[in-house]
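Below is one structure, written out as structure tokens; the observations come after it.
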Amino acid sequence: MIDAEGATVLLEANESQIIAAIERLEMDARDVRRRVEHARTEADKRVLNRQLKDFQDEIGRLRFRLR
């Protein structure tokens, strides 16, 4: 059985993991944005923009979980 303090610690740990995941995804998204700027073909830009959208969607889902 987890007491109130233990539950708070678990919640904070989970919250920290979500925040860390958001930060990693944001760094990855910045990298992809740079790659889009330097992409040579429209096909490459489409793939990178799709990947960027996936990152943004996941960031949104994780931020929603923090509420």
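Note that my numbering has the sequence shown beginning at 100, numbered continuously upward. For each residue, glycine too, the CB sits at the ideal point set by N, CA and C.
Put simply, of Leu151, Ala112, Ala119 the residue whose alpha carbon is nearest the alpha carbon of arginine 129 is Leu151.
The alpha helix (DSSP H) runs lying completely inside the region 135 to 159 and spanning 4 residues or more number zero. Look at arginine 166 here: in three-state DSSP terms it is coil, with no helix or strand label.
When C-beta atoms of the region 136 to 151 are compared with those of the region 110 to 118, fewer than three pairs fall below 8 Å, so the two segments do not count as touching. Sequence-distant partners of valine 131 (beyond 5 residues in either direction) whose C-beta falls short of 6 Å from its own C-beta, in its chain, are Leu147, Gln150, Leu151.
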